[in-house]
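Comments concern the structure below.
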Amino acid sequence: DIPAGSVILRERALVAAVGSQQDLDMPMLPAIRLTVAILTSGAEALTRSLQPRLGRETAEHPVCIARGDELKSATTLVRKRCPQASAILDDEGLQRLVLAVSLNAHGVTMRGTGEGVHHGLFAEIGAMINHSCRPNAFIQGVGIHGSDGECDALQLVLQTVNDVKAGEERGTMLKVGEVPPT
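Numbering (our numbering), first residue to last: 42 to 223.
Structure (structure tokens):
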């Protein structure tokens, strides 16, 4: 059994970026920023295990079908922002990366900081959590501040809301940034 309030897991973001007001008007903008960060940091290989996989799985993904034009525009913007780094992927590979990032990234509001929303790609916890209306755990963002006072890294912390019995699924949680029930 795991008692209420226990930290189950911590995961540092593979890449992170600060959000902006523009994100409300263009929902793919955080994915574009994170994809650029992945490519320019040389971390693309670390994203290959994220769903969807290249090929038919990407082409037939419901988001790709419903928002295909948005994904193509996002891919074009990524190519413009980092032409050399994005050259390692063909158009299909880059579109899969943008889609995988948009599906697996999380916007995190760090309570009490007044810093606004940060976006991070979390390849483990963040890519494998489920939502529930009756959660037994929640995730919250934690900023790791450097000597300059800026947020240098972002972590997700998975913490229990109430006691979790042995064998009970722990993957049910609140959305990132929601306050857990008291």
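Think of the CB as a built atom: it goes at the ideal place given N, C-alpha and C, for glycine as much as any other residue.
Beta-carbon proximity of residue i to residue j, cut-off 8 Å
i      : j      : result
VAL139 : LEU112 : yes
ALA146 : THR88  : no
ASN177 : GLU133 : no
ALA45  : ALA194 : no
GLN196 : VAL48  : no
ALA58  : HIS160 : yes
THR116 : LEU135 : yes
Simplified DSSP assignment, three categories, for residue i
i      : result
ARG137 : helix
VAL202 : coil
ALA115 : helix
ALA164 : coil
GLU219 : For GLU219, the pLDDT reaches just 44, beneath the cut-off of 50, and the residue's location in the model is therefore unreliable, although a value from the coordinates is still provided. In this structure, GLU219 counts as coil in the three-state DSSP scheme.
GLN196 : strand
LEU130 : coil
GLU209 : coil
GLU52  : strand
ALA107 : helix
ALA146 : strand
ILE43  : strand
MET214 : Confidence is the limiting factor: at MET214 the pLDDT is only 49, short of 50, which leaves the residue's position unreliable, though a coordinate-based value still follows. Strand.
Closest residue to residue i among the options (Cα-Cα distance)
i      : options                       : result
VAL142 : ILE185, ARG74, VAL158, LYS121 : ARG74
LYS144 : SER173, ARG94, GLN181         : Checking the sequence shown, residue 144 turns out to be Leu, not Lys. Of SER173, ARG94, GLN181, the residue nearest in Cα terms is ARG94.
ASP110 : ASP42, VAL198, MET69, VAL48   : MET69
THR51  : ILE170, ARG122, ALA115, SER82 : Sequence inspection shows Arg at residue 51; the Thr mentioned does not correspond to that position. If we check each option's Cα against that of ARG51, ILE170 comes out closest.
ALA126 : ILE106, ALA84, HIS160, HIS159 : ALA84
SER61  : GLU133, LEU195, GLY148        : GLY148
THR81  : VAL119, ASP131, MET67, CYS174 : VAL119
Proximal residues to residue i (C-beta, below 6 Å), its chain only, five neighbours per side dropped
i      : result
ARG137 : LEU95, THR99
VAL56  : LEU75, ALA78, ILE79, LEU162
GLN181 : VAL198
Beta bridge counterpart(s) of residue i as assigned by DSSP
i      : result
ARG120 : Answer by DSSP bridge pairing: none, since ARG120 is not bridged.
HIS102 : Looking at the DSSP assignment, HIS102 forms no beta bridge with any residue, so it has no partner.
GLN181 : VAL198
ALA86  : Its beta-bridge partners do not exist; DSSP assigns none.
Contacting residues, own chain, Cβ-Cβ under 8 Å from residue i (five flanking each side not counted)
i      : result
GLU219 : In this prediction, GLU219 scores a pLDDT of 44, lower than 50, which makes its location untrustworthy; no coordinate-derived value is stated.
ARG122 : ILE73, VAL77
ALA207 : ASP42
Sequence-distant residues of its chain with Cβ nearer than 7 Å to residue i (five each side left out)
i      : result
HIS102 : PRO93, LEU140
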